[in-house]
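Peer 1:
2 protein chains.
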Amino acid sequence: MRHFEEELEKLNNHLLEMSGLVESSIHRSVNAVINRDEESAQVVFQNEARINQLEILVDEIAIGLLALQQPFAVDLRFITMAIKINNNLERMGDIAVNIAERAVSLLNQPQVMPHIDIPHIAALSEEMIRKSLDAFVRKDVELARNVLMSDDAVDNLRDSIYSSIIRFMEEDSHRVHQGLDYLFVARGLERLADHATNIAEDVLFYVQGIDVRHQRSVAR
Amino acid sequence: MRHFEEELEKLNNHLLEMSGLVESSIHRSVNAVINRDEESAQVVFQNEARINQLEILVDEIAIGLLALQQPFAVDLRFITMAIKINNNLERMGDIAVNIAERAVSLLNQPQVMPHIDIPHIAALSEEMIRKSLDAFVRKDVELARNVLMSDDAVDNLRDSIYSSIIRFMEEDSHRVHQGLDYLFVARGLERLADHATNIAEDVLFYVQGIDVRHQRSVAR
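Quick note, the sequences are listed as chains A and B, same order. Count along the first sequence starting at 1, add 29, and that's the number in the working numbering. Count along the second sequence starting at 1, add 29, and that's the number in the working numbering.
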């Protein structure tokens, strides 16, 4: 059993490293957009390789653990949660790269429209992500439920940002290019919040053994 | 062992039903956009509930199989592939719903710009999806590799479609609203192709036991 415990610990540590990197990439991608900071964007591009490497490592260890021996129920749930969270984290890293790419595009244009509510949706999304990852680390059900409750707020904010951006673009067609960059940033932030929701659901599944997907009203 | 075999068969059958539904939803969402066909969009909205239900069933059976007994290596790989493909299929169903929503939005506007290359990228994506699902059903390595080779073509086509749409919008700001609908349709189709690529990679992992993610040059 000692090998099993060691591998489980390794799995956990890799996921923690990955969480830290993804959270940092997201924060830097947002900073690159809001503060027109190219260096922040470069760090995001650099993080990507390590995140992808960790994704493969986590999957290998998880499948190895499933193959090596019959895990107990609680370990089995942890391993399946690890496989799912791993997948979400890798996609979140990709979205951070997309946002950083938009930031670089925005840097190369004169600013022709305001940031709209991008800093606001960014703050909400980042908070959901931080909470969902904390909920994972601490196996905290309350925190995970708290994440699920924020998802609608982000969706509503995204809708209002879309409307504002479209209005800006319709008023002056010179703003189309820049408007699209902001639109994709807003969409990326909303998708990040969706991934935070997925992670929170996986944590609930792990801790409680209940499946709250597609029936969120139950979890509220 | 009889119960195990039965559950494995059930897992496979649910995934096949889900594949069929998702493929049909994607085809209908594209048809709704290109032929302005509202009924097609409605079918996509109706399929969503069953796809979500199947996702939960597949996960439950897969985790149950892992918990019940020590699966042999080949079964274990099949079960972990099932968990991953399941996840991809559910997201593909969501994207089909997004495309169908754009189709409904387009239906309610007079047509102010052409379809650009939407039918073309739709055909390419649908072909990749069909091949990746066939590769899964037949455990066909050649077909899976063939899918990986098409991904760049879809990305290039998406870039050229984006440029055309942006040009159309910049020429006349009355086209902004419609342009955005087309832009999100193109983006959805490109993301569907990405999911087809993920499925093809999972099939290769299952059949060959090698991990081709993030090192696609190896697989080519």
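Glycine residues also receive a C-beta, built at the ideal position from the N, C-alpha and C atoms.
With a floor of 4 residues, list each alpha helix (DSSP H) that falls wholly inside the stretch 70 to 154 of chain A, ordered by position along the chain.
Peer 2: As far as the stretch 70 to 154 of chain A is concerned, its whole alpha helix (DSSP H) runs of at least 4 residues are 102 to 136.
Peer 1: Between the Cα of A/Glu119 and the Cα atoms of A/Leu135, A/Met178, A/Val87, A/Val170, which residue gives the shortest distance?
Peer 2: Residue A/Val87 is the option with its Cα nearest to A/Glu119.
Peer 1: So with Cβ pairs under 8 Å, would you call B/Asp180 a contact of chain A?
Peer 2: It does not; no Cβ of chain A falls within 8 Å.
Peer 1: Pull up the distance between the alpha-carbon of B/Asn60 and that of B/Ile124, whole angstroms please.
Peer 2: If you take the alpha carbons of B/Asn60 and B/Ile124, they lie about 14 Å apart.
Peer 1: Given this structure, state the Cα-to-Cα distance separating A/Asn185 from A/His32, to the nearest angstrom.
Peer 2: If I take the Cα positions, the gap works out to 48 Å.
Peer 1: Taking 8 Å as the CB-CB cut-off, is A/Asn116 touching chain B?
Peer 2: Taking Cβ atoms only, chain B reaches closer than 8 Å to A/Asn116, which makes this a yes.
Peer 1: Is it the case that the stretch 227 to 237 of chain B contacts the stretch 167 to 174 of chain B, given that we only count it when at least three CB pairs across the two stretches are under 8 Å?
Peer 2: Result yes; three or more Cβ-Cβ pairs closer than 8 Å.
Peer 1: Mind checking if A/Glu38 is an interface residue toward chain B, Cβ cutoff 8 Å exclusive?
Peer 2: Judged by the 8 Å Cβ criterion, A/Glu38 is not in contact with chain B.
Peer 1: Do you know whose CA, among A/Ser193, A/Glu84, A/Leu40, A/Gln71, lies nearest A/Met121's CA?
Peer 2: For the residues A/Ser193, A/Glu84, A/Leu40, A/Gln71, the minimum Cα distance to A/Met121 belongs to A/Glu84.
Peer 1: Closer than 7 Å by beta-carbon distance: list the chain B residues that pair up with A/Ser102, in chain order.
Peer 2: Looking at the sequence provided, one finds Ala at residue 102 of chain A rather than Ser. Going along chain B in sequence order, the residues near A/Ala102 (Cβ under 7 Å) are Ala96.
Peer 1: Measure from the C-beta of B/His32 to each C-beta in chain A and report whether the shortest distance is under 8 Å.
Peer 2: No - not a single Cβ of chain A is within 8 Å of the one on B/His32.
Peer 1: Does chain A have any CB closer than 8 Å to the CB of B/Ile112?
Peer 2: Chain A contact via Cβ: present.
Peer 1: Applying a beta-carbon distance threshold of less than 9 Å, which residues of chain B neighbour A/Ile124?
Peer 2: None at all; the shortest Cβ gap to chain B is about 12 Å.
Peer 1: Does the CB of B/Asn186 have a neighbour CB from chain A at under 8 Å?
Peer 2: The residue asked about is misnamed: residue 186 of chain B is Leu in this sequence, not Asn. Chain A contact via Cβ: absent.
Peer 1: If you measure between the beta carbons of A/Val103 and A/Val214, is that distance less than 8 Å?
Peer 2: Cβ atoms of A/Val103 and A/Val214: not closer than 8 Å.
Peer 1: Could you check if B/Glu230 is buried or exposed, using at least 16 other CB atoms within 10 Å of its CB as the buried criterion?
Peer 2: Per the 10 Å Cβ criterion, buried.
Peer 1: At a CB-CB cut-off below 7 Å, which residues of chain A make contact with B/Glu199?
Peer 2: Under the 7 Å cutoff, chain A gives Ser202, Val205.
Peer 1: Answer yes or no: do B/Leu97 and B/Ile108 have a C-beta to C-beta separation smaller than 8 Å?
Peer 2: Taking 8 Å as the Cβ cut-off, B/Leu97 and B/Ile108 do not qualify as a contacting pair.
Peer 1: Going by DSSP, what residue range makes up the alpha helix (DSSP H) through A/Asn185?
Peer 2: Where A/Asn185 is concerned, the enclosing alpha helix (DSSP H) stretches over 170 to 200.
Peer 1: Round the Cβ separation of B/Leu153 and B/Ala173 to the nearest angstrom and send it over; I've been treating them as touching at under 8 Å.
Peer 2: Not really, about 17 Å apart at Cβ, beyond 8 Å.
Peer 1: Any idea what DSSP makes of B/Arg65, helix, strand or coil?
Peer 2: Three-state result, B/Arg65: coil.
Peer 1: Count Cβ pairs between the stretch 192 to 203 of chain B and the stretch 205 to 223 of chain A that sit closer than 8 Å; are there 3 or more?
Peer 2: These segments touch.
Peer 1: Pick out whichever of B/Ser192, B/His56, B/Glu130, B/Ile90 has its Cα sitting closest to the Cα of B/Arg159.
Peer 2: The shortest Cα separation from B/Arg159 among B/Ser192, B/His56, B/Glu130, B/Ile90 belongs to B/His56.
Peer 1: Buried or exposed: B/Asp188, going by 16 or more other Cβ atoms within 10 Å of its Cβ?
Peer 2: Classification for B/Asp188: exposed.
Peer 1: Rounded to the nearest angstrom, what separates B/Ile128 and A/Glu36 at their Cα positions?
Peer 2: Cα-Cα distance, rounded: 42 Å.
Peer 1: With respect to the alpha helix (DSSP H) encompassing B/His224, which residues constitute its N-terminal and C-terminal limits?
Peer 2: 205 to 237 is the span of the alpha helix (DSSP H), which, as asked, contains B/His224.
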